[in-house]
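Student: Let me give you the structure first, and then I'll get to my questions.
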Amino acid sequence: MSYVDWPGELALGIPAMDEDHRHLVETLNELRETLLVAPSRRDAAGLLLQFVRIAREHFGREEALMAERGYPAAIEHGHEHGELMAVLSFMLDAVRTGQANLDSDTLDHVRRWLCGHIENSDASLASFLVRHG
Ligand SMILES: [Fe+2]
Ligand SMILES: [Fe+2]
0 MSYVDWPGEL ALGIPAMDED HRHLVETLNE LRETLLVAPS RRDAAGLLLQ
50 FVRIAREHFG REEALMAERG YPAAIEHGHE HGELMAVLSF MLDAVRTGQA
100 NLDSDTLDHV RRWLCGHIEN SDASLASFLV RHG
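So for the sequence shown, numbering that gives the first Met the number 0 puts the first residue at 0; every next one is plus one.
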């Protein structure tokens, strides 16, 4: 069983969002595998950097979509993205400089955040997009 199942409860029916989320989930699963099988800081840091890049691009696309479609909760939704990006940047710096190891607890935090955000905030956005299609 994967660390995060795709699509599980996470598919929202908006192809552009689903494709980005699938990519995020796959990278998170790969990161988890790397930590379990070969806990090398360099591999983990590389994958974490990849995850951060994918997340940043994805959040930018969602935020542009929310602005374009006049989504009423765009500001709150954008703040949630900002919170995760702050956590990820801090984590990435700590891992790269050797101040912290990327461990299971940290990764679990990211997993809970990602799944919770997709199942709640992104699901609300998806249903708005469908209703106002
Ligand atoms: Fe989002
Ligand atoms: Fe999303």
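Quick reminder that beta carbons are idealized off the backbone N, C-alpha and C, glycines included.
#1: Tell me whether residue 87 sits in a helix, a strand or coil according to DSSP, three-state version.
#2: Run through the segment 48 to 113 for me and flag every whole alpha helix (DSSP H) of 4 or more residues, listed as ranges in chain order.
#3: Terminal residues of the continuous alpha helix (DSSP H) containing residue 0?
#4: Is the beta carbon of residue 121 within less than 8 Å of some heavy atom of ligand 1?
#5: Below 8 Å, is the gap between the Cβ of residue 16 and the nearest heavy atom of ligand 2?
#6: Tell me which residue opens and which closes the alpha helix (DSSP H) that residue 133 is part of.
Tutor: So, from the data block:
#1: By one-based count along the sequence shown, residue 87 stands at place 88. Helix at residue 87.
#2: If we require 4 residues or more, the alpha helix (DSSP H) runs fully inside the segment 48 to 113 come out as 73 to 95.
#3: As a first step, residue 0 must be located in the sequence shown, where it is residue number 1. That residue, residue 0, is in no alpha helix (DSSP H); it is neither H nor E in DSSP.
#4: What you label residue 121 is simply residue 122 of the sequence shown in a count that begins at 1. Yes, the beta carbon of residue 121 sits closer than 8 Å to at least one heavy atom of ligand 1.
#5: Sequence index remark: in the sequence shown, residue 16 carries index 17 (1-based). Yes - ligand 2 has a heavy atom lying nearer than 8 Å to the Cβ of residue 16.
#6: There is simply no residue 133 to check, as the chain begins at 0 and stops at 132 in what is shown.
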